[in-house]
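Enquirer:
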């Protein structure tokens, strides 16, 4: 009986070693969600890229979240993948087309989109507890109207509609230059960011995060 137990333990240990010795993915796929060659500012982990790989018994998506700077990355096995954006998951026109990606070592690919609006520039001026944001906006397509321009502040450099301690919203008549003012909780340094909301679209396009002192 003792020999049987020892043999069983050796078999389990051997199986465990084989499992641990499986090759792990080592190739880095990275890229950006872009318009006109420029990365779009987004909500941190709000937009998801999907990777699909045919030729295997288990065919399921590999979800990859996009950062607030519009960049994404994933560690993968070398191979051929289909890269798509989730429908209705970004501040742009849906596009059902996929991008063929051949991952081999370090691989880079950008995903072009057509946003409803873009932010050309955003500046912030702090005076005591008063913060003024000046934003230049361009409407890229006329499919949906502008709903609001939002000013967010936070205590960290992750700032958006979910991650903020205070916000102010304005509804300008037209896209163009918009001024937004906010009274800050205290006269200290904050991180500020502007988001542009399209009517009927959950996600916004954002300016870069700026520390205001």
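Residue numbers (full-length UniProt numbering): 1 to 213.
Glycine included, each C-beta is placed from N, C-alpha and C at the ideal position.
Taking the continuous beta strand (DSSP E) assigned at residue 154, which residues delimit it?
Expert: One-based indexing of the chain shown puts residue 154 at position 154. Here the beta strand (DSSP E) through residue 154 covers 146-154.
Enquirer: Nearest by alpha-carbon distance to residue 158: which of 171, 174, 146, 190 is it?
Expert: To locate residue 158, count along the chain shown from 1; it is residue 158. Checking every option, the nearest Cα to that of residue 158 belongs to 190.
Enquirer: Does the beta-carbon of residue 205 have 16 or more other beta-carbons within 10 angstroms, so that it is buried, or is it exposed?
Expert: Numbered from 1 along the chain shown, position 205 holds the residue referred to as residue 205. Flag for residue 205 reads buried.
Enquirer: What separation, rounded to the nearest whole angstrom, lies between the Cα atoms of residue 134 and residue 150?
Expert: Indexing the chain shown from 1 puts residue 134 at position 134. Indexing the chain shown from 1 puts residue 150 at position 150. When rounded, the distance between both Cα atoms is 11 Å.
Enquirer: So, with DSSP's three-state summary, where would you put residue 107?
Expert: As a position in the chain shown, residue 107 is number 107, starting the count at 1. Reduced to three states, the DSSP call for residue 107 is strand.
Enquirer: At the level of alpha carbons, what is the spacing between residue 179 and residue 119?
Expert: The residue given as residue 179 occupies position 179 in the chain shown. The residue given as residue 119 occupies position 119 in the chain shown. Each residue's Cα considered, the two are about 13 Å apart.
Enquirer: So if DSSP puts residue 211 in a beta bridge, which residue, or which two residues, is it bridged to?
Expert: Position 211 of the chain shown holds residue 211. Answer by DSSP bridge pairing, in chain order: 191.
Enquirer: Out of 182, 46, 200, state which residue places its alpha-carbon closest to the alpha-carbon of residue 163.
Expert: On the chain shown, position 163 is the one that residue 163 refers to. Among 182, 46, 200, the Cα nearest to that of residue 163 is on 46.
Enquirer: Residue 203: buried (16+ other C-beta within 10 angstroms of its C-beta) or exposed?
Expert: Here residue 203 refers to the residue found at position 203 of the chain shown. By the 10 Å Cβ count, residue 203 comes out buried.
Enquirer: Taking the beta strand (DSSP E) that residue 80 falls in, what are its first and last residues?
Expert: If you number the chain shown from 1, residue 80 lands on position 80. Per DSSP, residue 80 belongs to the beta strand (DSSP E) from 79-85.
Enquirer: Looking only at its chain, what residues have a beta carbon closer than 6 Å to the beta carbon of residue 71, apart from the 5 residues adjacent to it on each side?
Expert: Within the chain shown, numbered from 1, the residue matching residue 71 stands at position 71. Taken in chain order, the residues that qualify are 32.
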